[in-house]
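> What the sequence shown shows, in the working numbering, is residues 1363 to 1608, in sequence order.
Got a structure for you, written out below as structure tokens; questions coming shortly.
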Amino acid sequence: EFERFPDGVASPSSSEEVRALLDWALAQGITVIPYGGGTSVAGHINPPEGDAPVLTLSLAAMDQLMDLDTQSQIATFGAGTPGPKVEQQLRERGYMLGHFPQSWELSTIGGWVASRSSGQQSMRYGRIEQMFAGGRVETPKGTLTIPTIPASSAGPDLREIILGSEGRMGVITEVKVRVTPLPETETFQVAFAPDWDTGKELVRQMTQAKIPLSMLRLSNAEETRTHLMLAGHEKLVGILHRYLNV
Ligand SMILES: Cc1cc2nc3c(=O)[nH]c(=O)nc-3n(C[C@H](O)[C@H](O)[C@H](O)COP(=O)(O)OP(=O)(O)OC[C@H]3O[C@@H](n4cnc5c(N)ncnc54)[C@H](O)[C@@H]3O)c2cc1C
């Protein structure tokens, strides 16, 4: 059953094209919905009820690293750049962002800002609000350029208005983020706890001890089993089961 769907889809490839589309849509009374990777779980990319025509504005064509300032370690991306392309383009230059929501493969850097997303390695690299340094937003009233000043005591921080705005303040077209040089090594360790409560207690103690980890994740038995099976090491899973006696 098809419910309400957009009347049109636009794929602009620059901020100027987004600006022109917004001006046109406003003049026509068209509702515009910015669309990044479409992984939203909050329903904001679905056309609302009503008679106004709906235009889905996909940022997919704006998927490039536009600038990397290695002195300030700030990278500028087209807002439609999906997770793998963000990391790949930075990695080629010796840097990383370190934002890995579970929807990383499909979600976009503009979508992360618009939905104030959290990544699995936010413990070290920060949530998106710590990474988001500034950028460009095309609002119904004109272009908003957010400078990359670290902090200001002169009034509210404009970044806070855009973070988590879910497309309501305008279309984010360029995102400036604080990046990090690639680590020399990165290792992930797994420990098995005998039950959920012990696992919870371990995680609490490790967090409060402020051990400098990038990720700390507690999985229940089902998720652990699923991850192991998805990793495809059937033989190892068998050995592990025997070892854990489950
Ligand atoms: C399997 C799965 C796992 C997930 N895991 C996580 C997780 O670990 N952490 C987490 O925080 N979230 C998670 N999510 C939720 C979702 O992936 C995030 O909210 C993500 O940041 C959305 O990015 P997107 O590019 O897909 O945006 P979309 O889904 O396309 O859009 C999300 C919202 O942002 C707006 N928007 C998108 N791009 C722009 C733009 N350029 N300018 C203005 N507004 C824009 C849209 O209008 C919409 O309101 C998960 C979702 C799924 C399906």
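C-beta: ideal position from N, C-alpha, C; glycine also.
Note down the Cα distance separating residue 1408 from residue 1546, rounded to an integer number of angstroms.
Spanning the two alpha carbons is a distance of roughly 43 Å.
> At the level of alpha carbons, what is the spacing between residue 1601 and residue 1483?
If I take the Cα positions, the gap works out to 29 Å.
> My parser needs the alpha helix (DSSP H) runs of 4 or more residues fully inside the region 1570–1597; what are they?
Fully enclosed alpha helix (DSSP H) runs of 4 or longer: 1583–1593.
> Quick check on the DSSP output: what are the complete alpha helix (DSSP H) runs of length 4 or more inside the region 1495–1577, in order along the chain?
Those alpha helix (DSSP H) runs which fall completely within the region 1495–1577 and span 4+ residues are 1520–1524 and 1558–1570.
> Could you tell me the distance, in whole angstroms, from the CA atom of residue 1456 to the CA atom of residue 1435?
Distance between the alpha carbons of residue 1456 and residue 1435 is about 11 Å.
> So residue 1438 and residue 1416 are in contact, right, with Cβ under 8 Å, and what is the actual spacing, rounded?
Not a contact, Cβ separation roughly 30 Å.
> Please state the DSSP three-state secondary structure of residue 1473.
Three-state DSSP puts residue 1473 in a helix.
> Say yes only if the C-beta of residue 1601 is nearer than 6 Å to one or more non-hydrogen atoms of ligand 3, and no if none qualify.
With respect to ligand 3, the structure shown offers nothing to examine, as its ligands consist of ligand 1.
> Which term fits residue 1554, buried or exposed, when burial requires 16 or more other beta carbons within 10 angstroms of its beta carbon?
Classification for residue 1554: exposed.
> When you compare each of 1495, 1560, 1548 and 1529 to residue 1486 by their alpha carbons, which one comes out closest?
The option with the nearest alpha carbon to residue 1486 is 1548.
> Note down, in chain order, each residue of its chain lying with its Cβ closer than 7 Å to the Cβ of residue 1387, except the 5 sequence neighbours on either side.
Excluding sequence neighbours, residue 1387 sits near 1394 and 1417.
> With distances taken from CA atoms, which of 1450, 1560, 1480 and 1369 is nearest residue 1464?
Nearest of 1450, 1560, 1480 and 1369 to residue 1464, Cα basis: 1480.
> Using beta-carbon positions only, say whether residue 1524 and residue 1441 come within less than 7 Å of one another.
Against a cut-off of 7 Å, the Cβ pair of residue 1441 and residue 1524 comes out as no contact.
> Over the uninterrupted beta strand (DSSP E) stretch that includes residue 1372, give me the two end residues.
Start and end: 1370–1372.
> Specify the secondary structure class of residue 1395 as computed by DSSP and reduced to three states.
It is a strand residue.
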